[in-house]
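Quick note on numbering that gives the first Met the number 0: the sequence shown kicks off at 0 and runs consecutively.
Glycine included, every Cβ here is placed at the ideal spot set by N, Cα and C.
Here's the structure we're looking at; comments come further down.
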Amino acid sequence: MGKQLSIFVENKLGKINKITGILEKEKINLRAMTIADSGTFGIVKIITDNNRKAFYILKKTNFLVSLQDVVVVEIPDKVGAFHKVAKILEDKKINIEDAYGFIIEEGEKAALILKVPEPERVEKILKKKGYKLIENF
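Printed below as a string of structure tokens:
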């Protein structure tokens, strides 16, 4: 199972630079990032190579941050790949609360990051359906 940090920040010039600067200074590699705008504030979601360290460092520097479990699954980089995962989870009555992804190898494979209510159960279901989980994320 993977971990994700959610950082609540003011939608203001320099905030993203501050976060990425802290990570760089602490030698923490940023592996995935998404930013959701909601007016004057936003939520920055990140995955790093050391999520626990990133959590403590960001908290120590007065960011409002939480650490959450996520499922990171490899899917083919092709039309309908996310839909197949969504259908599997809907059939099992599991809601996808949040999701984002990125390409690992163009035309070959992508990573899908899912925030779900029961991550362990989702991992078992997806493994059983033949999906590869990306564990060290």
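Per DSSP, what kind of secondary structure is residue i in: helix, strand or coil?
i: residue 62; result: coil
i: residue 132; result: strand
i: residue 118; result: helix
i: residue 95; result: coil
Kindly indicate the opening and closing residues of the alpha helix (DSSP H) around residue i.
i: residue 19; result: 14-24
i: residue 83; result: 80-90
Can you check DSSP and say which residues form a bridge with residue i?
i: residue 41; result: 8 and 36
i: residue 101; result: 110
i: residue 46; result: 31
i: residue 73; result: 110 and 131
i: residue 2; result: 68
Does residue i pass the burial test, meaning 16 or more other C-beta atoms within 10 Å, or should it be called exposed?
i: residue 57; result: buried
i: residue 50; result: buried
i: residue 38; result: exposed
i: residue 106; result: exposed
i: residue 12; result: exposed
i: residue 60; result: exposed
i: residue 114; result: buried
i: residue 134; result: exposed
Short of 8 Å in beta carbon distance, which residues of its chain neighbour residue i, apart from the five on each side in sequence? Order them along the chain.
i: residue 119; result: 0
i: residue 130; result: 72, 73, 74 and 84
i: residue 18; result: 6, 8, 43, 45, 57 and 62
Give me, in chain order, the residues of the same chain whose beta-carbon lies closer than 6 Å to that of residue i; leave out the 5 immediate sequence neighbours on both sides.
i: residue 62; result: 6
Between residue i and the rest of its own chain, which residues show a CB-CB distance below 7 Å, the 5 nearest in sequence each way excluded?
i: residue 27; result: 47, 48, 49, 52 and 53
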